[in-house]
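Enquirer: In my numbering, the protein residues as written are -6 to 476.
This is the structure we're talking about:
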């Protein structure tokens, strides 16, 4: 599909899926033949709190939350093919068609790009057709219909007759969704599902999540190849490691307890996930390329070598959390070094710049002072940057990923294993009932920590107030011709 205004006629699309529809999966689906890719469900108020960031290192546009999480990342590759989804995962608004109509009219009037809507079917065929006709009158570009009632789960058969009735009742494109269970197993099945529903297009969710090469007209690829292709995109675009792990575990399905699956589940960083798939060298080369690009951007305005100004040694460095293993920071390494050298504990002094509330710290070690010339957005990061300057001047390792032979890293890993074993034992005791232990549930993803978040180079604020409508239970999809 050529870049430009999105068309929803005769397309195959990657459906919106929580945690799955991030940039690596969207790019993978496009590579394999999808015409349109939907991002994961994004809540409007969270997007309104974000800053639009041009990330010159990754060559992406990021929407970054106040807590520094990347809520949405896009790039030139998916321009003209990506649908930005704003809304929730529920179906409560299906019982309030007046509100549905008001929300959609507001969006269609307020933005210059196509707006589409995704719904589930109502208890009766007549109600479903009536609702979709009202939706059509709002001016939306297309409507996606998940052919299940709101209380039905993926294990229930899809109601093709409902989708067919909707497709016959309206003139806008209808996108059929819900065929992963018993209709779409191969690429050829996509067209059969479209014919069975009479829809203009087909949207795939779980079938594509399990193996995105289902979009290939030449036939699906082995799962091992698909997972490697996905992981390469995750590395190239510095994807959240826990998100990477979650998506790979979804692909593994019943093999998640295999040796590979267990290694993926145990991984905490993209570097460790790469080891599981034998992509250590690809990871190393990619990290070096990104670091070289970052250094080149910084060197345009800041010196790379240490500069002594009075009694303070300065370097242009920033603290990149994703470059360090979990539980490891430069401050820890500096403290460990000072103890070994029997010098006073490092002392940090931090100032805040009034105009942008940025922070800069100076650390004093062995009666010498060190600081970064680059300001940070938090006091903690400013202190870490100062510690990096000191460590580099001293020629001491910082604890970055790749320095695993360092004593402190090994020590932390040992402590983590001991703590993990202790927690597992405590959890086992909590689950004992009548003397019989209950099986423990493995937690595949943590939504909090993110050691692999990229630190963008340029911040540009954008206003997205046109999108900030309360739509918490109706999935509203806003298609964009580019980032």
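Built from N, CA and C at the ideal position, the CB exists for glycine as well.
For residue 22 versus residue -1, is the C-beta spacing smaller than 7 Å?
Expert: Their beta carbons are not under 7 Å apart, which means residue 22 does not touch residue -1 by this criterion.
Enquirer: Assign residue 28 to one of three DSSP states: helix, strand, or coil.
Expert: The answer is coil: DSSP assigns residue 28 none of H, G, I, E or B.
Enquirer: Just how far apart, CA to CA, sit residue 127 and residue 186?
Expert: In a straight line, the C-alpha of residue 127 is about 26 Å away from that of residue 186.
Enquirer: Using the C-alpha atoms, what's the distance from residue 377 back to residue 325?
Expert: Distance between the alpha carbons of residue 325 and residue 377: 9 Å.
Enquirer: Compute the Euclidean distance between the alpha carbons of residue 381 and residue 310, then round it to the nearest angstrom.
Expert: Their backbone Cα atoms lie some 8 Å apart in a straight line.
Enquirer: Comparing C-alpha positions only, which one of 2, 343, 132 sits nearest to residue 370?
Expert: Residue 370 has its Cα closest to that of 343, out of 2, 343, 132.
Enquirer: Could you spell out where the beta strand (DSSP E) holding residue 170 opens and where it closes?
Expert: Start and end: 167 to 170.
Enquirer: Taking Cβ to Cβ, would you say residue 228 is nearer than 7 Å to residue 279?
Expert: Going by C-beta atoms, residue 228 is nearer than 7 Å to residue 279.
Enquirer: What separation, rounded to the nearest whole angstrom, lies between the Cα atoms of residue 46 and residue 349?
Expert: Rounded to whole angstroms, residue 46 to residue 349 spans 16 Å at the Cα level.
Enquirer: Using the DSSP secondary-structure output, state which residues sit across from residue 383 in a beta bridge.
Expert: In the DSSP output, where bridge partners are listed per residue, residue 383 has none listed.
Enquirer: With distance defined between alpha-carbon atoms, name the residue in 388, 287, 121 nearest to residue 155.
Expert: Comparing Cα positions, the closest option is 121.
Enquirer: Whose C-alpha, out of 168, 362, 315, 276, is nearest the C-alpha of residue 393?
Expert: Residue 393 has its Cα closest to that of 315, out of 168, 362, 315, 276.
Enquirer: Under 7 Å between the Cβ atoms of residue 109 and residue 125?
Expert: Contact: no.
Enquirer: Assuming residue 318 contacts residue 331 (C-beta within less than 8 Å), just tell me the rounded distance between them.
Expert: So it is not a contact: roughly 21 Å between Cβ atoms.
Enquirer: Would you call residue 304 buried or exposed, if buried means 16 or more other Cβ atoms sit within 10 Å of its Cβ?
Expert: Exposed, since its Cβ has fewer than 16 Cβ neighbours within 10 Å.
Enquirer: Measuring alpha carbon to alpha carbon, tell me which of 28, 29, 33, 104 ends up nearest residue 236.
Expert: If we check each option's Cα against that of residue 236, 33 comes out closest.
Enquirer: Can you check DSSP and say which residues form a bridge with residue 66?
Expert: According to DSSP, which records beta bridges pairwise, residue 66 is partnered with 55.
Enquirer: Taking 6 Å as the limit between beta carbons, can you name the residues of its chain near residue 359, skipping five residues before and five after?
Expert: Hits under 6 Å: 336.
Enquirer: Leaving aside the five residues before and after residue 52 along the sequence, list all residues of the same chain whose C-beta is less than 8 Å from its C-beta, in chain order.
Expert: So the list reads 68, 69, once near-sequence residues are dropped.
Enquirer: Between residue 477 and residue 202, what straight-line distance do the alpha-carbon atoms span, to the nearest angstrom?
Expert: This structure cannot speak to residue 477, because the chain is shown only from -6 to 476.
Enquirer: So, residue 189 versus residue 153, is the Cβ gap smaller than 7 Å?
Expert: Yes. Within cutoff.
Enquirer: Can you tell me the Cα-Cα spacing of residue 241 and residue 13, whole angstroms?
Expert: Taking the straight line joining both Cα atoms gives about 10 Å.
Enquirer: Using DSSP's beta-bridge definition, name the partner residues of residue 139.
Expert: Paired residues: 113, 170.
Enquirer: Just mark residue 89 as buried or exposed, buried being the case when its beta carbon has 16 or more other beta carbons within 10 Å.
Expert: When all chains shown are included, residue 89 counts as exposed.
Enquirer: Quick one: Cα of residue 364 to Cα of residue 329, how far?
Expert: Roughly 19 Å between the two C-alpha positions.
Enquirer: Residues bridged to residue 44 by DSSP?
Expert: 57.
Enquirer: Given 6 Å as the limit, tell me if residue 64 has its C-beta closer than that to any heavy atom belonging to the ligand GTP.
Expert: As for the ligand GTP, it is missing from this structure, which has no ligand bound.
Enquirer: Out of 103, 209, 111, which has the shortest C-alpha to C-alpha gap to residue 138?
Expert: Measuring from the Cα of residue 138, the nearest candidate turns out to be 111.
Enquirer: By DSSP's criteria, residue 352 is part of a beta bridge. Which residues make up the other side?
Expert: In DSSP, residue 352 forms a bridge with 345, 369.
Enquirer: Can you check DSSP and say which residues form a bridge with residue 195?
Expert: Answer is 5, 169.
Enquirer: May I ask which residues mark the beginning and end of the beta strand (DSSP E) holding residue 301?
Expert: Counting along the chain, the beta strand (DSSP E) containing residue 301 begins and ends at 300 to 302.
Enquirer: In the structure shown, what three-state DSSP assignment does residue 340 receive?
Expert: Note: residue 340 maps to strand in three-state DSSP.
Enquirer: With residue 360 as the anchor, note down where its alpha helix (DSSP H) starts and where it stops.
Expert: Unbroken run through residue 360: none, as it is neither H nor E.
Enquirer: Could you check the C-alpha separation between residue 300 and residue 366 for me, to the nearest Å?
Expert: Cα-Cα distance, rounded: 10 Å.
Enquirer: Indicate the three-state DSSP secondary structure (helix, strand or coil) for residue 235 in the structure shown.
Expert: Residue state, collapsed to three classes: helix.
Enquirer: Taking just the CA atoms, how far does residue 368 sit from residue 271?
Expert: About 38 Å.
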